[in-house]
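Residue numbers (full-length UniProt numbering): 1 to 276. Remarks on the structure that follows.
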Ligand SMILES: Cc1cc2nc3c(=O)[nH]c(=O)nc-3n(C[C@H](O)[C@H](O)[C@H](O)COP(=O)(O)OP(=O)(O)OC[C@H]3O[C@@H](n4cnc5c(N)ncnc54)[C@H](O)[C@@H]3O)c2cc1C
C-alpha cells in the first residue's frame, strides 16, 4: 500500500514525527538503516517543555515509569570531582526532569507508533535517493541484508536521518555550522553508586582539558560520562580507538569519588563536534 508519509530514520526525531502523524490517522512508513533502534549512548534527560510534548502524545507515564524523576538541580565540579557550585530548585517547585537513555525512549515511541495501526517501521533498509514528481515523492531504499533495492511512492518524505543525512545531501542542502576537525565527543555508559557520595543527577565538569558531564541516565546506578577528546590530524574521528577509551576511563577515575575499581563500563559511543 502506498503510504502518505515516509519518514527516513528511526531516531527520536523520526519516531516522534511518525507518532504525531499516525495519531492523526495519517499512514506513515518509517525507514531505518539500522537493524533496530540505535542502542549507542546518546541523550539521557528530558526537561519540562519536552515532557509537556510527551504528555500530549500520551507517552509521559511510560517515560516516567521507565526512567527516573529528577528534581535535584545540578552541580559544577572540577576535574577531581570537587564541588565548585550548585543550584537547587526553588522551594515548592513541582517541575522535574526525567532521566532515561535515548534507546529506551526510542522503544517507547516505537511501541506507541505501532499501536496506532497507521504506521509501519522497516529496519535494515537504507534510503538511497529520491525524485519529486507531480505532488508526490518517489524514493529508493536498499535492504542492507540482501542489497535488494525497492522503489516506493509517498505524498511527503521527511528526512530525519541524522547529521549525515542522505536525504539532505540528495536535496543539495548544506549542513549549516562548523565541524571541529580535531575534537571528538565521547560518551560512555557506566554503573556506579554515586548517590551514596551525595552526587546530584547532573554534574558539569569544569576544566580546560578534562571537561565533561556526569549525568544519571535512568534508574538505579545507571550513569553517563561524556567528554571531549582532542585528536591529532592523523587520528580518525569516525571510531573510538583503545587510546581514547583509556583516556576516558582515566578521566572518569579521576573525577569520581570512592573505589572506582567498582565502575562497570557498559558502552562507548562518539560523534564529531559541531558548532551551529
Ligand atoms: C555520543 C553522543 C552523545 C549524546 N548525548 C546527548 C545528551 O546527553 N543529550 C542530548 O540532548 N543529546 C545528546 N546527543 C545528541 C542526540 O543523540 C541527537 O540530538 C539525536 O539523536 C538526534 O536525533 P535524530 O532523530 O535527529 O537523529 P539520530 O538519532 O541520529 O537518528 C537518525 C537515524 O537515521 C538513521 N539513518 C541514517 N541514515 C539513514 C539512511 N540513509 N536511511 C535510513 N535510515 C538512516 C540512523 O541509523 C538513525 O537511527 C548525543 C549524541 C551522541 C552521538
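Ideal Cβ positions, reconstructed from N, Cα and C, are used throughout, including at glycine.
Residues sharing a beta bridge with residue i, DSSP
i: residue 126; result: 142
i: residue 216; result: 223
i: residue 18; result: The partner list for residue 18 (beta bridge, DSSP) is empty, contrary to what the question assumes.
i: residue 136; result: 133
i: residue 120; result: 29
i: residue 87; result: 74
i: residue 45; result: 99
Classification of residue i by the beta-carbon crowding that lies within 10 angstroms, buried from 16 upward
i: residue 148; result: exposed
i: residue 19; result: buried
i: residue 1; result: Only weak support exists for where residue 1 lies, its pLDDT of 43 falling under 50; the value from the coordinates is given anyway. Under this definition residue 1 is an exposed residue.
i: residue 6; result: buried
i: residue 130; result: buried
i: residue 108; result: buried
i: residue 171; result: exposed
i: residue 145; result: exposed
i: residue 209; result: exposed
i: residue 87; result: exposed
i: residue 92; result: exposed
i: residue 242; result: exposed
i: residue 276; result: At residue 276, the pLDDT of 43 sits below 50, so the modelled position is not reliable and the matter cannot be decided from this model.
Whole-number beta carbon distance between residue j and residue i, since they are thought to touch under 8 Å
i: residue 125; j: residue 33; result: 7 Å
i: residue 100; j: residue 63; result: 6 Å
i: residue 230; j: residue 185; result: No, residue 230 and residue 185 are not in contact; Cβ-Cβ is about 11 Å, not under 8 Å.
i: residue 345; j: residue 121; result: What the structure shows of the chain is the stretch from 1 to 276, and residue 345 is not part of that stretch, so it cannot be assessed.
i: residue 15; j: residue 111; result: No, residue 15 and residue 111 are not in contact; Cβ-Cβ is about 10 Å, not under 8 Å.
i: residue 96; j: residue 69; result: 5 Å
Span of the beta strand (DSSP E) around residue i
i: residue 153; result: 149-159
i: residue 203; result: 202-205
i: residue 98; result: 97-99
i: residue 28; result: 28-31
i: residue 195; result: From DSSP, residue 195 is part of no beta strand (DSSP E); its letter is neither H nor E.
i: residue 77; result: 74-77
Residue i at chain C interface by Cβ criterion, 7 Å
i: residue 81; result: The question asks about chain C, but that chain is absent: this structure has only one protein chain.
Start and end residues, alpha helix (DSSP H) containing residue i
i: residue 278; result: The structure shown does not extend to residue 278, since the chain is modelled only from 1 through 276, so no value can be given for it.
i: residue 260; result: Neither: residue 260 is in no alpha helix (DSSP H) and is coded neither H nor E.
i: residue 175; result: Looking at the DSSP string, residue 175 is not in any alpha helix (DSSP H), and its letter there is neither H nor E.
i: residue 10; result: Element bounds for residue 10: n/a, residue is neither H nor E.
i: residue 255; result: 242-255
i: residue 168; result: 166-170
i: residue 115; result: 102-115
i: residue 52; result: 48-56
Residue i beta carbon near ligand 2 (any heavy atom closer than 6 Å)
i: residue 38; result: This structure does not include ligand 2; its bound ligands are ligand 1.
Is there contact between the region 176-196 and the region 67-85, where contact requires at least three CB pairs shorter than 8 Å? no
Does the structure place the region 212-221 close enough to the region 172-179 that three or more beta carbon pairs sit under 8 Å? no
Quick check: the region 103-123 against the region 80-89, are there 3 or more CB pairs under 8 Å? no
Taking three-plus beta-carbon pairs below 8 Å as touching, is the region 132-143 in contact with the region 250-258? no
Three Cβ pairs or more, each shorter than 8 Å: is that satisfied between the region 151-167 and the region 10-27? yes
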